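Residue numbers (my numbering): 14 to 192. Just so you know, even glycine gets a beta-carbon here, dropped at the ideal spot from N, CA and C. Fair warning: this is a prediction, and the values are worked out from it, not measured in the lab.
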């Protein structure tokens, strides 16, 4: 009858009224000391450190190779802004570029050259939409980068070198599909 059915249900659930098992040791350890599985988690992190570093390095390399592509997408979205917003956004993009040695600095210089090229094409010097001297001075005063904001001065074109990029994810450099 009902008492036998209740006994069978209690046996299935291990005697718990809530249907789960209570691990009192893990519960007390967590309440009094901390995570009872922290040593296992740390071991897992230690065991996978090299793999995680390799994946992170690969991702960063891919992002640096795509820096110009990403910058072009950002620049494409600027056209819909008002002139004042456009000038602000272009300055921000220019100012955010990384500086220094190595691949990160080189990618930053390539992007900075793209931004300056965009400014010179879309807001050319002498036009009604060009940065004024006072705007250039105001933007330059609040820059965080080491370089001076001078969008209409000569730019070093040597940083505009060709970059091989795998944009379609097939494992080879685009335009180089022969194997």
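Range of the contiguous alpha helix (DSSP H) that encloses residue i
| i | result |
| --- | --- |
| residue 166 | No alpha helix (DSSP H) contains residue 166, which DSSP labels as neither H nor E. |
| residue 97 | 96 to 109 |
| residue 160 | No alpha helix (DSSP H) holds residue 160; DSSP gives it neither H nor E. |
| residue 68 | 62 to 78 |
| residue 91 | That residue, residue 91, is in no alpha helix (DSSP H); it is neither H nor E in DSSP. |
| residue 35 | Careful: residue 35 lies outside any alpha helix (DSSP H) and carries neither H nor E. |
Contact check, residue i vs residue j, beta carbons under 8 Å
| i | j | result |
| --- | --- | --- |
| residue 133 | residue 81 | no |
| residue 163 | residue 149 | yes |
| residue 112 | residue 159 | yes |
| residue 153 | residue 145 | no |
Reference residue i, options the options, closest by Cα
| i | options | result |
| --- | --- | --- |
| residue 156 | 105, 94 and 146 | 105 |
| residue 89 | 151, 53 and 128 | 128 |
| residue 87 | 131, 52 and 151 | 131 |
| residue 136 | 48, 46 and 103 | 103 |
| residue 77 | 119, 56 and 142 | 119 |
| residue 139 | 165, 121 and 114 | 165 |
| residue 101 | 36, 143, 46 and 62 | 143 |
| residue 97 | 60, 45, 141 and 55 | 141 |
| residue 49 | 38, 59 and 58 | 38 |
**Prompt:** What residue ranges within the region 114 to 159 form continuous alpha helix (DSSP H) runs of no fewer than 4 residues, ordered along the chain?
**Reply:** 115 to 135 and 146 to 154
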